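Participant: Okay, here's the structure, questions in a sec.
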Amino acid sequence: QVQLQQSGTELVKPASSVKISCKASGYTFTSNYMHWIRQQPGNGLEWIGWIYPGNGNTKYNQKFDGKATLTADKSSSTAYMQLSSLTSEDSAVYFCARGDNSGYYFDYWGQGVMVTVSS
Amino acid sequence: DIQMTQSPASLSASLGETVSIECLASEGISNDLAWYQQKSGKSPQLLIYAASRLQDGVPSRFSGSGSGTRYSLKISGMQPEDEADYFCQQSYKYPFTFGSGTKLEIK
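Sequence order for the protein chains is A and B.
Mind the numbering: the first sequence is residues 10 to 128 in this note's numbering, read in order.
Mind the numbering: the second sequence is residues -17 to 89 in this note's numbering, read in order.
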């Protein structure tokens, strides 16, 4: 069965960076888009971008240009998102989610990673 | 960006009641719309895609409809396990955007 296992909770300092992971299993990692989505309390869901692990192509929400960097390691079937220059406004839960056959709907989700930015 | 206006923000329903949630897009999205359910403390789950197609494994009491800018999710016969937050999402244009959510509770 398809599973997306994300890394654990992060407590990080302002101005630092963090890299969170999403290990995929149960399907061919290189055949589906991997999306990243942010959920802030009271602010709903925001789409950050996608990576296509088959060729490394990426697409970002302009809002997250320069903030998020998406990569993927085919050998370990793991997708990564690095968040840089963190501020308290980046505190949120971050999900990875597999794109379905169309690529644009999210049919399996990771459990989410809570990132808290605090000094 | 396409704005997705979701209503109502919250509602309560009795067991067995039929409920509807709506999403209004700021421009036409050509049925490129999904609905997700998120239970407390869990990840969202895909219910409906392409406006009206039921995701595998989702109970048939869930249905989606709409066209152009107006879309709706209907639950025909509220069950206890349907208590959750519901979100719509458009995939017509980048950046993909979500509605602000509807909190559905049991009355």
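Don't be surprised by glycine CBs; every beta carbon is placed ideally from N, CA and C.
Nothing here was measured: the structure is a model prediction, and the numbers come from that model.
(1) Along chain B, in chain order, which residues have C-beta atoms closer than 7 angstroms to that of N70/A?
(2) Tell me the DSSP secondary structure of T(-8)/B in three-state form.
(3) Considering only residues of the segment 31 to 98 of chain A, which uninterrupted beta strand (DSSP E) runs meet the minimum length of 3 residues and lie entirely inside it, listed in chain order?
(4) State yes or no: is the beta carbon of L86/B nearer than 8 angstroms to at least one beta carbon in chain D?
(5) Count the other C-beta atoms from every protein chain shown that fall within 10 angstroms of the C-beta of V11/A, then say buried if there are 16 or more, exposed otherwise.
(6) Does G53/A get closer than 8 angstroms to chain B when you measure Cβ to Cβ?
(7) Mind checking who S47/B pairs with in its DSSP beta bridge?
(8) Specify the secondary structure class of E(-1)/B as computed by DSSP and reduced to three states.
(9) Count the CB pairs spanning the segment -12 to 2 of chain B and the segment 55 to 65 of chain A that are closer than 8 angstroms, and state whether there are at least three.
(10) At a cut-off of 7 angstroms, would you count F69/B as near the ligand ADP, judging by its Cβ distance to the nearest heavy atom?
(11) Tell me, please, whether the segment 34 to 50 of chain B touches the segment 72 to 85 of chain B by the rule of three or more beta-carbon pairs shorter than 8 angstroms.
(12) Is the beta carbon of E65/B closer than 8 angstroms to that of E87/B?
(13) Using a Cβ-Cβ distance cut-off of 8 angstroms, determine whether G119/A contacts chain B.
(14) Just to confirm before moving on: does the CB-CB distance between Q91/A and K28/A stay below 8 angstroms?
(15) Going by alpha carbons, who is nearest to S25/A out of S100/A, A106/A, L95/A and V124/A?
(16) Run the CB neighbour count on M(-14)/B, radius 10 Å, all protein chains shown included, and call it buried at 16 or more, exposed below.
(17) Give a yes or no on whether the C-beta atoms belonging to Q14/A and V122/A are separated by under 8 angstroms.
(18) Please go through the same chain and pick out, in chain order, the residues whose beta-carbon is closer than 6 angstroms to the beta-carbon of K32/A, but skip the five residues on each side of it.
(19) Which residues in chain B sit within 7 angstroms of Y114/A, going by Cβ to Cβ distance?
(20) Please name the residue, chosen from G65/A, Q48/A and W45/A, that lies closest to D82/A on a Cα-to-Cα basis.
(21) Can you find a C-beta in chain A that's less than 8 angstroms from the C-beta of F69/B?
(22) Quick one: what's got a C-beta closer than 6 angstroms to E55/A's C-beta in the same chain, skipping five residues either side?
(23) Helix, strand or coil for D64/B per DSSP?
Facilitator: A quick look at the data gives this:
(1) Locating residue 70/A in the first sequence gives position 61, where the first residue counts as 1. Here the neighbours are P77.
(2) Here residue -8/B is taken as the residue at index 10 of the second sequence, counted from 1. Residue identity differs from the one stated: residue -8/B is Ser in this sequence, not Thr. Residue state, collapsed to three classes: strand.
(3) Within the segment 31 to 98 of chain A, the complete beta strand (DSSP E) runs of at least 3 residues are 43 to 49, 53 to 61, 66 to 69, 77 to 82 and 87 to 92.
(4) The chain labelled as chain D is not found among the protein chains of the depicted structure, namely A and B.
(5) Stepping through the first sequence from its first residue, residue 11/A is reached at position 2. It counts as exposed.
(6) Taking the first sequence and counting its residues from 1, the one referred to as residue 53/A is at position 44. Yes, because at least one Cβ of chain B sits closer than 8 angstroms to the Cβ of G53/A.
(7) On the second sequence, residue 47/B is found 65 positions in, with the first residue counted as 1. S54/B.
(8) Along the second sequence, one-based indexing puts residue -1/B at 17. The answer is coil: DSSP assigns E(-1)/B none of H, G, I, E or B.
(9) Segments in contact, no.
(10) Ligands in the displayed structure: none, and consequently the ligand ADP is not present.
(11) The segment 34 to 50 of chain B and the segment 72 to 85 of chain B do not touch, with fewer than 3 CB-CB distances between them shorter than 8 angstroms.
(12) In the second sequence, counting from the first residue as 1, residue 87/B sits at position 105. In the second sequence, counting from the first residue as 1, residue 65/B sits at position 83. In contact: E87/B and E65/B (Cβ atoms closer than 8 angstroms).
(13) The sequence position of residue 119/A within the first sequence is 110, counting from 1. Output row for G119/A: interface = yes.
(14) Within the first sequence, residue 91/A is the residue found at index 82, counting from 1. Within the first sequence, residue 28/A is the residue found at index 19, counting from 1. Yes, the Cβ-Cβ distance between Q91/A and K28/A is below 8 angstroms.
(15) Here the question's residue 25/A lines up with position 16 in the first sequence. Minimum Cα distance to S25/A is reached at L95/A.
(16) For the purposes of this step, residue -14/B is identified with residue 4 of the second sequence, where counting begins at 1. A residue is called buried once 16 or more other Cβ atoms fall within 10 Å of its Cβ, and M(-14)/B is buried on that count.
(17) Here residue 14/A is taken as the residue at index 5 of the first sequence, counted from 1. Here residue 122/A is taken as the residue at index 113 of the first sequence, counted from 1. The Cβ atoms of Q14/A and V122/A do not sit closer than 8 angstroms to each other.
(18) Counting from one through the first sequence, the residue named residue 32/A turns up at place 23. For K32/A, same chain residues with a beta-carbon under 6 angstroms away, outside a window of 5 residues either side, are Q14 and T87 in chain order.
(19) Residue 114/A sits at position 105 when you count from the first residue of the first sequence. For Y114/A, the chain B residues whose C-beta falls within less than 7 angstroms of its own C-beta are A16, L28, Y31 and S73, listed in chain order.
(20) Walking along the first sequence from the start, residue 82/A turns up at place 73. It is G65/A whose Cα lies nearest to the Cα of D82/A.
(21) Residue 69/B sits at position 87 when you count from the first residue of the second sequence. Chain A contact via Cβ: present.
(22) On the first sequence, position 46 is the one that residue 55/A refers to. If you ignore the 5 residues before and after E55/A, its C-beta comes within less than 6 angstroms of the C-beta of R47, all in its own chain and listed in chain order.
(23) In the second sequence, residue 64/B corresponds to position 82, counting from 1. Correct three-state label for D64/B: helix.
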